[in-house]
Amino acid sequence: MATMNDALANAHGNRRKFGRDLAGLFVILGLAVVGYLLFPNNLALLTRMTAIALLVLSLDLVTGYCGVATLGHAALFGTGAYASGIAAVHFGITDPLLMLVCGIFGGVVAGLLCGVVILRAHGLPQLVLSIALIHLFHEFANKASSWTGGSDGLAGIAPDPLLGLFAFDLWGRTAYVFGVILLAVVFALLRLVVRSPFGMLCRGIKEDPIRIRAMGASPKATLVKMYMISGAVAGAGGALNAISTQVVGLDSLSFTLSAESLVMLVLGGTGSLFGALTGTIVFMFFEDIVSAANPFHWLTMVGGLLIAVVLFAPKGLYGTIAGAVTRWREARR
Amino acid sequence: MLPRIIGKQDGHMQTVFSIAVDALAYGMVLFVISIGLSVTMGLMRVVNLAHGAFAMIGGYIASYAARDMGLGYGIALMIAVFGTIVIAIPIERLLYRRIYGAPELTQVLMTIGITFCVIGIANYVFGPTLKTIPLPTGLQGSVDLGFRSIATHRLFAILCGLAVAAALWYAIEKTAFGVKLRAAVDNAAMAAALGVRTEIVYAVSFAVAVGLAALGGVVGAELLPVEPYYALRYMVTFLVVVSVGGAGSIPGTLVACLLLGGIDTAGRYLVPEFGEFFFYLAVIAIVCVFPRGLAGRTR
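Residue numbers (our numbering), protein chains in the order written: chain R, 1 to 333; chain W, 334 to 632.
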């Protein structure tokens, strides 16, 4: 029912939503400028943050909007990263935009594959399938070491200057600007996707797949399509990571990265693109600060944080704050 | 994970025999640890990713009791089982209670959170090194079966698995508690309406599940070494076993453990360079063919 009401509200409030899109874009760009000014020596971290933000956005598409529980989403990200890295190292495609296209293509293919397998089951078996898939991808990349570099990682990626004008410098300024623009463009496109009839259909499937089938739509085909879109986004993130760090490691195809991206998403709030971004930023800043001090305390803290979020803020940081703001506005009315 | 001792002089038969013994021992250890998870998952419908953490706690307690305090193996085993249950009870009361019936994602997050906390704390208290549980002289060495000799410890693990399977079968099929348990698994609301105190059934099964996990953690310490990342490393394996076997089914879990233990061990012996590739490939194939598990039923 909530979906129907959302649809009605959408028809009324399209202009307001457009305003929020613009506001969202300005917030991203504003934060990017602030980050640049505050941490000019740590742009690598900020660039990684934008790449991971793309992964978390992509996870939000399938988990938040379609209700698919997955602990293997890094498969899409890592495939994108390896696709663009392999294109650069083995095929000499070193133009960053073409590498990005390769990454997106790799992500889409991985998304199709994962989607078809994961959507075969529900509940616990679905979760297990996703875990098995990420391990399978990991072992495969490890084994195919002549292509991927195995556990040493794929090194020697040397991207050309962006558009032939901006070389990727030692301080990572070009990579950072490239990443922020990529994130902003993807964010704007995703706002369109999740609000389109297709996006509404996905939300409907999350709430009641049987009803959607009765209405004549195929839940599975729709979800596989969403998985491919999600793969494109995650692949773009992977490509960005490959271009900016110039290496691709096996950790980009790891269970840990998958679990962490889920933690970030839930911390920020599922089912909202703003939530995905909030979670990524908060989580990665804390990780940077705490894990520098002691990696094991970091794990204890993440655990505690997860338990606290589940108990006290099940809608995530963004969801809780947005809910509080809405209530406050209604109280004032 | 598994020591590779292939006797060259004895040729293929020896290899096949060692694979079979290791696979059986490994499968039985998996069974002892996972069966509790399977029963609680079938009963309470909680996706409990922290189950391996309880096995790890058991291993740590036993190691501390046997190695640092110098107690006997049997006593250390008992202390480990009861100690783990004592630690688990407040966790169940405070945290698990709140996620019964919650969406899967919530359960996954809560139990991953618990796992992370346990890993962090275990590392803080016991340090990052591998902990051993010294075996008594009776379990060291090997037993001569007439035509082959096998490591006594492997035999012990296999016997433990068989004993647990038999005891559970008896408890669930033949006792009054087993009747209540099966009723609660099938339909908790109806069982409660008929006067079964389901919360007591839940609490007892949770305690037994945790105790079995600790037992498996101690008995299996030779095959699954105790270290802080134990809980994360084998979490997936236990979950996979339960999912493949079908939550709540003892025969299903036993078959899944032996099958997957066999595939994993054979893969490690024959194609070690592929790591766990074939294990996960088999998992995907089985789950795709039997989405509800080998012995799963519609609910």
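Every residue gets a Cβ at the ideal spot worked out from N, C-alpha and C, and that includes glycine.
Predicted model only: the values in this text are computed from it and were never measured.
Just the chain R side, please: which residues come within less than 8 Å of T439 (chain W) by C-beta, in chain order?
Result: V310 and P314.
Under the rule that 16 or more other beta-carbon atoms within 10 Å means buried, what is M215 (chain R), buried or exposed?
M215 (chain R) comes out exposed.
What first and last residue would you give for the alpha helix (DSSP H) that runs through A618 (chain W)?
Unbroken alpha helix (DSSP H) run through A618 (chain W): F610 to V622.
Please report the residue range of the beta strand (DSSP E) in which D477 (chain W) lies.
Annotation: the continuous beta strand (DSSP E) that includes D477 (chain W) extends over S475 to D477.
Positions along the segment 443-459 of chain W whose CB lies within less than 8 Å of some CB in chain B
Although the question refers to chain B, the structure presented lacks it and instead comprises the protein chains R and W.
Does K513 (chain W) come out as helix, strand or coil in the three-state DSSP assignment?
Three-state DSSP puts K513 (chain W) in a helix.
Exposed or buried, which one is P461 (chain W) when buried takes at least 16 other CB atoms within 10 Å?
Exposed: under 16 other Cβ atoms inside 10 Å.
Does the beta carbon of K220 (chain R) sit closer than 8 Å to a beta carbon anywhere in chain W?
Contact with chain W is absent for K220 (chain R), since none of that chain's Cβ atoms lies less than 8 Å from the residue's Cβ.
The beta strand (DSSP E) spanning I483 (chain W) covers which residue range?
Boundaries of the beta strand (DSSP E) harbouring I483 (chain W): S482 to A484, taken from the DSSP string.
For the candidate residues W:F611, W:A615, W:N456 and W:L603, whose alpha-carbon lies nearest to that of A353 (chain W)?
Checked all of W:F611, W:A615, W:N456 and W:L603; the closest Cα to A353 (chain W) is W:L603.
Taking its Cβ as the centre, do 16 or more other Cβ atoms sit within 10 Å of G581 (chain W), making it buried, or is it exposed?
Per the 10 Å Cβ criterion, buried.
On a CA-only basis, which of R:L154, R:L59, R:R195 and R:R191 is nearest S130 (chain R)? Give me that one, please.
The shortest C-alpha separation from S130 (chain R) is found at R:L59.
Residue span of the alpha helix (DSSP H) that contains K464 (chain W), given as start and end:
Where K464 (chain W) is concerned, there is no enclosing alpha helix (DSSP H), given that its DSSP letter is neither H nor E.
In the structure shown, what three-state DSSP assignment does L495 (chain W) receive?
Reduced to three states, the DSSP call for L495 (chain W) is helix.
Would you list the one or two residues that DSSP bridges to L154 (chain R)?
Residue pairing from DSSP places L154 (chain R) in a beta bridge opposite R:V248.
Nearest to F350 (chain W) by CA position, among W:S576, W:V534 and W:R487, is which residue?
For the residues W:S576, W:V534 and W:R487, the minimum Cα distance to F350 (chain W) belongs to W:R487.
Which first and last residues belong to the alpha helix (DSSP H) in which R48 (chain R) is found?
Run containing R48 (chain R): L43 to L59, per the alpha helix (DSSP H) assignment.
On the three-state DSSP scale, how would you describe L162 (chain R)?
Of the three classes helix, strand and coil, the one that applies to L162 (chain R) here is strand, per DSSP.
Quick check on V559 (chain W): does DSSP put it in helix, strand or coil?
If DSSP states are grouped into helix, strand and coil, V559 (chain W) belongs with the strands.
R515 (chain W) versus W:I366, W:D355, W:A356 and W:G375, residue with shortest Cα-Cα distance
The residue with the shortest Cα to Cα distance from R515 (chain W) is W:G375.
Determine the chain W residues that contact L324 (chain R) at a beta-carbon separation under 9 Å, and present them in chain order.
Note on residue identity: the sequence assigns Ala, not Leu, to residue 324 (chain R). Residues of chain W passing the Cβ test: none, with the nearest at roughly 21 Å.
At least one CB of chain R closer than 8 Å to the CB of A580 (chain W): is that the case?
Yes, A580 (chain W) lies at the interface with chain R (some Cβ there is under 8 Å from its Cβ).
Step through the CB atoms of chain W and report whether any lies within less than 8 Å of the CB of F283 (chain R).
When Cβ-Cβ separations below 8 Å define contact, F283 (chain R) makes no contact with chain W.
If you draw a straight line from the alpha carbon of I483 (chain W) to that of H122 (chain R), how long is it in whole angstroms?
Whole-angstrom Cα-Cα distance: 42 Å.
Spatial neighbours of C621 (chain W) within its chain, please: CB distance less than 8 Å, with the 5 preceding and 5 following residues excluded, ordered by chain position.
Residues of the same chain with a CB within less than 8 Å of the CB of C621 (chain W), apart from the 5 flanking positions on each side, do not exist.
Short-range partners of chain R found in the segment 590-610 of chain W, where Cβ spacing is below 9 Å
If the cut-off is 9 Å between Cβ atoms, the segment 590-610 of chain W has E606, F607, G608, E609 and F610 near chain R.
Contacts that T300 (chain R) makes with chain W (C-beta to C-beta distance below 7 Å)
What T300 (chain R) touches in chain W: F449, C450, G453 and I454.
Relative to the C-alpha of L267 (chain R), which candidate in W:H384, W:Q473, W:R426 and W:L438 has its C-alpha closest?
For the residues W:H384, W:Q473, W:R426 and W:L438, the minimum Cα distance to L267 (chain R) belongs to W:L438.
Give the straight-line distance between the Cα atoms of G150 (chain R) and G385 (chain W), rounded to the nearest whole angstrom.
When only Cα atoms are considered, G150 (chain R) and G385 (chain W) end up about 29 Å apart.
Quick check on this structure: which residue in R:Q126, R:C102 and R:C114 has the alpha carbon closest to the alpha carbon of V441 (chain W)?
If we check each option's Cα against that of V441 (chain W), R:Q126 comes out closest.
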